[in-house]
Amino acid sequence: MPIELVKERYNGSINVVEIGSSKTAVKIGGETTLPFLFEEGQMPNAPLVALEIQDCEPVEWPDALKSALGDSMKDPVEWAKRCVSEFGAKVLCLKLQSIHPDSEKRPANKAVDMVQKIYASSGVPMVVVGSGDDEVDSDVLPKVSQALKGENILLGIATQTNYKTLTATCLADGHSIIAESPIDVNIAKQLNILIGDMGFDAKRIVMHPTTTSLGYGMEYVYSIMERARLAAFMGDKMLSMPFVLFVGSEVWKVKEAKDFGAAQGINWEVTTAVSLLQAGGDLLVMRHPDAAKTINRYIDIMMGRSAA
Amino acid sequence: MIVIGELINGMYKDVGKAIVNKEIDVIQHLAVDQVNAGSSVLDVNTGPYSKNPKDDMKWLIESIQKVTDVPLALDSTKPDVIEEGLKIVKKRAIINSTSADNEKMEKIFTLAKSYNAQVIGLTMNRSGVPNSREMRLELAAAIVAKAVEFGLNPDDLFIDPIVLPVNVAQPQAIEVLESIREFRLLSDPAPNTVVGLSNVSQGTKFRSLVNRTFLTMAVANGLTAAILDPLDKELIDAMVTAELILNKNIYCDSFLDAYRKR
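Heads up: the sequence lines are chains A and B, in that order. Sequential numbering from 0 applies to the first sequence in numbering that gives the first Met the number 0. Sequential numbering from 0 applies to the second sequence in numbering that gives the first Met the number 0.
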């Protein structure tokens, strides 16, 4: 007996956010249904993988990453170029680790110089995130924003207690913003409203619902993302933003990824990424080039662009 | 819930005067204010004293459509006045209203079909206003059946269970609330439900309190639309909060402001 599939038709859709300013610019978002359910709606922009690089050598990264990336990790400009030319990255995510008080404490002007060099040489759109220390980030991120004015970077990370400086600077320099909430859909919605109240276009916000690795609470993130997406499709404009997830940085912290050989680490990153794609992830920031390659292939297959 | 702003009605002194003197800014301010307060539809009524309701309806709609493009509910007892409005509306209109009398329904549903409009159906007829949920349900079923006969979709109907003032028809309030719930079982897809909210407090004290309490109870019974005064902030706040409690929108600390910004 043929089964009639129950198909949903939603009124809402996810906003489209463009990153970059030239012909290499990319877009995320635009979905009109839950991930990959093409019987019910469209995904005009496929999810994207960004490779993560840091502006100084990440000496504490696990062996699996070090052997994959080798000496290029010592020179951020080379590292960026290699990500694009050898690993095929269409977007880069640069973490300003050097400015962190526990790191080399690079002065702001030198940090900004490095960002500009990396951006100029890589030739692809960029996500730039601070070190995670609010004080130093509030000083350096506006300077980075200004130096890259007009380039339409995706800048992060704004939180509910610390969003004003970053929002003001993105507004002034024409960048998009990452709004982070602690696995809490109510705070996610509230932060989007607060940022919008400052005159920032809500359609240029990308949500970070917080990322957790497989085995460390990934399901909670999944459920928050699902709830937010469903609300967006029912018309809630304050949750209609695309999602960014920092898969690489969360996965490669956990012992299951670090301590049991490269193959397991790669699988851990791949599995986390696949799950978060199924939850609605639009931009996945990954570390291991092999994991990124596998996920890109997965996206191609799921989008119907190539056979399984 | 669909908020239908009720303030552009010639029975209000300021609107009546504006219609006579063609004071377009009065009408346009009312339109914009109601939309900003959360109305997704605006009710348009030339009022009982209009000497030229067809012309006045035309003028009101033209004035409103210059400043907002929300859909309009064309409020008149006369089908020719409604048709005058249907000819010039830019968005899909709601015809306000028909009773459950066959002759009236035939006229109104014909208009609705030709102009692709939605319709508010009142569960009352020549015999008068119903005094029980059973009577309301019977009339509602008749309206839905007739509409379907005319090729209209049940979910393009808004069935009104006739809200009566709580001081003079107190037992009816609970009948209305039950009817709202029961109407949704009449068809699949279900018809919408609507109330003329202000009627519940006609002639009572503490009108705002009565209105917002009744609205909250109606929302809990599944009401999908209401004709009300959107400039009553506490009323809209109560409605938004009722919907929050029914898990219709995700909570955030600014949930009251978020409604106005959506």
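Glycine included, C-beta positions come from ideal geometry on N, C-alpha and C. Being a predicted model, the structure only gives us computed values, none of them experimental.
Thinking residue i and residue j are a contact (beta carbons under 8 Å), I'd like their distance in whole angstroms, please.
i                 : j                 : result
Leu-193 (chain A) : Tyr-162 (chain A) : 6 Å
Val-48 (chain A)  : Met-301 (chain A) : In fact, because the Cβ distance is near 13 Å, the residues do not count as touching under 8 Å.
Leu-243 (chain A) : Asp-281 (chain A) : It is worth fixing the name first, because residue 243 (chain A) is Val in this sequence and not Leu. Right, their Cβ atoms sit about 7 Å apart.
Ala-146 (chain B) : Thr-122 (chain B) : Not confirmed; about 13 Å, so no contact.
Leu-29 (chain B)  : Pro-78 (chain B)  : Contact doesn't hold; Cβ gap of about 25 Å is too wide.
Leu-136 (chain B) : Ser-96 (chain B)  : With a Cβ gap of about 18 Å, Leu-136 (chain B) and Ser-96 (chain B) do not count as contacting.
Asn-44 (chain A)  : Lys-26 (chain A)  : 5 Å
CA-CA distance, residue i and residue j?
i                 : j                 : result
Ile-173 (chain B) : Lys-103 (chain B) : 28 Å
Asn-152 (chain B) : Ser-207 (chain B) : 35 Å
Phe-86 (chain A)  : Gly-198 (chain A) : 38 Å
Gly-131 (chain A) : Leu-4 (chain A)   : 46 Å
Gly-29 (chain A)  : Leu-153 (chain A) : 17 Å
Asp-144 (chain B) : Glu-179 (chain A) : A small correction: the amino acid at residue 144 (chain B) is Ala; Asp does not occupy that position in the sequence shown. Whole-angstrom Cα-Cα distance: 52 Å.
Ser-75 (chain B)  : Ala-230 (chain A) : 37 Å
Ala-306 (chain A) : Asp-154 (chain B) : 42 Å
Arg-8 (chain A)   : Gly-40 (chain A)  : 7 Å
Thr-31 (chain A)  : Pro-164 (chain B) : 44 Å
Ile-186 (chain A) : Gln-263 (chain A) : 34 Å
Ile-119 (chain B) : Met-134 (chain B) : 18 Å
Thr-211 (chain A) : Ala-256 (chain A) : 13 Å
Pro-124 (chain A) : Ser-20 (chain A)  : 8 Å
Glu-249 (chain A) : Thr-270 (chain A) : 13 Å
Tyr-250 (chain B) : Cys-169 (chain A) : 27 Å
Asn-101 (chain B) : Val-128 (chain B) : 16 Å
Ala-67 (chain A)  : Ser-120 (chain A) : 21 Å
Phe-35 (chain A)  : Glu-83 (chain B)  : 47 Å
Ser-126 (chain B) : Val-175 (chain B) : 18 Å
Ala-237 (chain B) : Asp-13 (chain B)  : 27 Å
Met-216 (chain B) : Leu-41 (chain B)  : 23 Å
Ile-117 (chain A) : Ile-13 (chain A)  : 31 Å
Lys-89 (chain B)  : Val-128 (chain A) : 47 Å
Leu-245 (chain B) : Phe-245 (chain A) : 34 Å
Ile-94 (chain B)  : Asn-220 (chain B) : 24 Å
Met-42 (chain A)  : Phe-259 (chain A) : 37 Å
Arg-91 (chain B)  : Glu-61 (chain B)  : 15 Å
Lys-142 (chain A) : Glu-103 (chain A) : 19 Å
Ser-131 (chain B) : Asn-166 (chain B) : 17 Å
Asp-159 (chain B) : Gly-202 (chain B) : 21 Å
Gly-247 (chain A) : Asp-133 (chain A) : 22 Å
Asn-51 (chain B)  : Thr-45 (chain B)  : 9 Å
Lys-188 (chain A) : Lys-236 (chain A) : 9 Å
Less than 8 Å between the beta carbons of residue i and residue j, yes or no?
i                 : j                 : result
Tyr-215 (chain A) : Val-253 (chain A) : yes
Phe-213 (chain B) : Leu-227 (chain B) : no
Ala-141 (chain B) : Val-193 (chain B) : no
Leu-73 (chain B)  : Ile-63 (chain B)  : no
Leu-85 (chain B)  : Tyr-114 (chain B) : yes
Ile-176 (chain A) : Arg-203 (chain A) : yes
Arg-226 (chain A) : Val-273 (chain A) : no
Leu-190 (chain A) : Trp-267 (chain A) : no
Phe-182 (chain B) : Pro-170 (chain B) : no
Val-126 (chain A) : Ile-18 (chain A)  : yes
Lys-106 (chain B) : Ile-87 (chain B)  : no
Val-66 (chain B)  : Val-31 (chain B)  : yes
Lys-73 (chain A)  : Glu-56 (chain A)  : yes
Asp-55 (chain B)  : Ile-18 (chain B)  : yes
Ile-156 (chain A) : His-207 (chain A) : yes
Val-162 (chain B) : Val-218 (chain B) : no
Val-58 (chain A)  : His-99 (chain A)  : no
Leu-234 (chain B) : Arg-211 (chain B) : yes
Phe-108 (chain B) : Phe-149 (chain B) : yes
Ser-84 (chain A)  : Asp-54 (chain A)  : no
Pro-241 (chain A) : Val-16 (chain A)  : yes
Thr-166 (chain A) : Ser-137 (chain A) : no
What does DSSP give as the partner residues of residue i in its beta bridges?
i                 : result
Met-18 (chain A)  : Before going further, note that residue 18 (chain A) is Ile rather than Met in the sequence given. Looking at the DSSP assignment, Ile-18 (chain A) forms a beta bridge with A:Val-25.
His-207 (chain A) : A:Glu-179
Gly-120 (chain B) : B:Thr-97 and B:Ile-158
Gly-195 (chain B) : B:Ile-226
Gly-127 (chain B) : B:Asn-124
Asp-42 (chain B)  : B:Ala-72
Gln-53 (chain A)  : A:Lys-94
Gly-260 (chain A) : According to DSSP, which records beta bridges pairwise, Gly-260 (chain A) is partnered with nothing at all.
Phe-242 (chain A) : A:Met-206 and A:Gly-280
Problem - Touching by the beta-carbon criterion (3+ pairs, under 8 Å), the stretch 140 to 149 of chain A and the stretch 102 to 122 of chain A - result: yes
Exercise for the section: Please determine if the stretch 4 to 11 of chain B and the stretch 30 to 45 of chain B are in contact, where contact requires at least 3 C-beta pairs separated by less than 8 Å. Expected result: yes
Exercise for the section: Would you be able to state if there are at least three C-beta pairs under 8 Å between the stretch 89 to 107 of chain A and the stretch 61 to 70 of chain A? Expected result: no
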